[in-house]
Amino acid sequence: MNENNHLEIPTRLQTVLQQIDEMPLYLAELPIEEHPRLPQFNRFIQVKGIEAKGDYEFVHFIYAQILKDKETGEVINIPLPTPDWVVNGETWSYFRGQDGEPVELPIKEEFRQNDEDSEAPTTDKVKVPSYKYMLWLMKYQNAKFLELIQNYTKDFVRAKIEELNRL
Numbered sequence: 000m001n002e003n004n005h006l007e008i009p010t011r012l013q014t015v016l017q018q019i020d021e022m023p024l025y026l027a028e029l030p031i032e033e034h035p036r037l038p039q040f041n042r043f044i045q046v047k048g049i050e051a052k053g054d055y056e057f058v059h060f061i062y063a064q065i066l067k068d069k070e071t072g073e074v075i076n077i078p079l080p081t082p083d084w085v086v087n088g089e090t091w092s093y094f095r096g097q098d099g100e101p102v103e104l105p106i107k108e109e110f111r112q113n114d115e116d117s118e119a120p121t122t123d124k125v126k127v128p129s130y131k132y133m134l135w136l137m138k139y140q141n142a143k144f145l146e147l148i149q150n151y152t153k154d155f156v157r158a159k160i161e162e163l164n165r166l
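Residue numbers 0 to 166, in numbering that gives the first Met the number 0, belong to the letters of the sequence shown in order.
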């Protein structure tokens with residue numbers, strides 16, 4: 000039902016209203032690496048909803064893995080696993096720099112293995128509590144919703160790739 004039939008709407012605004020009317024109902028759709036056993040499809044994480052409880056430092060992402068035919072773009076209905084995607088007081092994320100990549104710093108000398116034959120790392124990535132980092136990004140870095148989802152998707156996929164790849 001069009002609530003604006005009685006209005007003389009300029010063409011530019013009509014275009015915007017049509018875009019709004021045709022918006023897909025998911026919050027974000029982000030590409031991830033192709034499935035190892037289904038390389039003929041592009042794979043996406045489609046975020047369908049979020050449940051948040053601030054007092055409990057808890058966010059639950061509701062999502063689906065989506066496959067699209069590489070040639071036609073058609074969505075393929077193959078049920079893929081959706082392991083729980085929760086950000087809470089117990090989860091951590093990598094602190095990211097201006098380029099969106101995790102910040103890596105040298106390990107203090109007293110924490111390095113002094114074995115000459117050892118190939119122990121000399122740097123490590125900065126880790127932060129996920130929920131508080133998400134709040135900090137929104138409040139102090141003016142992070143946009145889609146940017147947050149993109150970064151959290153990277154961390155989630157990194158942590159859960161084996162489960163996501165099961166058929």
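We treat Cβ as the ideally placed atom computed from N, Cα and C, and that holds for glycine.
- Contact between I75 and I61 does not hold, since their C-beta atoms are separated by about 21 Å, which reaches or exceeds 8 Å.
- For K67, the enclosing beta strand (DSSP E) has its first and last residue at F57 to D68.
- Per the DSSP secondary-structure output, P80 pairs with nothing in a beta bridge.
- Take V127, set aside five residues on each side of it, and the residues of its chain with a beta-carbon closer than 7 Å to its own are W91, S92 and F94, in chain order.
- Residue pairing from DSSP places V46 in a beta bridge opposite A27 and Y62.
- If you look at V156, you'll find it in the alpha helix (DSSP H) that goes F144 to L163.
- For the options L26, L29, E2 and R36, the alpha carbon positioned closest to that of R165 is the one of R36.
- In the structure shown, the three-state DSSP call for L104 is strand.
- The DSSP-derived three-state label of I75 is strand.
- If you ignore the 5 residues before and after I8, its C-beta comes within less than 8 Å of the C-beta of L16, all in its own chain and listed in chain order.
- 8 Å or more divides the Cβ of G88 from the Cβ of N150.
- Counting other Cβ atoms within 10 Å of its Cβ, V58 reaches 16 or more and is therefore classed as buried.
- By the CB criterion at 8 Å, T121 and P105 fall inside the cutoff.
- Your pair V86 and S129 checks out as a contact, with CB atoms roughly 4 Å apart and the cut at 8 Å.
- Residue pairing by DSSP places F40 opposite D68 in a beta bridge.
- Note on geometry: alpha-carbon atoms of K153 and E109 lie some 31 Å from one another.
- By the C-beta density criterion, I77 is exposed, having fewer than 16 other C-beta atoms within 10 angstroms.
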